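Visitor: Have a look at this one before I ask anything.
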């Protein structure tokens, strides 16, 4: 089959599937709004200057920039400092010790 024939057939199939799926899903009703998003809307409407947005997404500072918690920064540094190497075939030695202790009578 020539490349142009393949592309043409693929495009026809894609269009047919798209039209079928539109008809197939056309009767499905939209789900109700997610209630958690209402928290963000309430935050936006609140005029209290001491408010803190703890809704969906990142915590944000007064300038609207993401505020990264100190514990998250520490965890990121720990992860970045690891060697990302696979564990030995027998497993990590510390876990082997714990396994022996937990399985021995």
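In the numbering used here, the protein residues as written are 255 to 359.
Backbone N, C-alpha and C define an ideal beta-carbon position, used for all residues, glycine too.
Source: prediction; values computed, not measured.
1. If I'm right that residue 297 touches residue 309 with Cβ under 8 angstroms, what's the distance once you round it to whole angstroms?
2. Can you list, in chain order, the residues of its chain whose CB lies under 8 angstroms from that of residue 290, leaving out five sequence neighbours each side?
3. Pull up the distance between the alpha-carbon of residue 277 and that of residue 288, whole angstroms please.
4. Quick check: what's the CA-CA separation for residue 313 versus residue 333?
5. Spatial neighbours of residue 315 within its chain, please: C-beta separation below 7 angstroms, excluding the five flanking residues on both sides.
6. For residue 289, does the three-state DSSP call read helix, strand or coil?
7. Mind checking which residues open and close the alpha helix (DSSP H) that includes residue 332?
8. Where do the ends of the alpha helix (DSSP H) carrying residue 310 lie?
Guide: Put simply:
1. 6 angstroms
2. 309, 310
3. 26 angstroms
4. 21 angstroms
5. 321
6. helix
7. 324 to 335
8. Unbroken run through residue 310: none, as it is neither H nor E.
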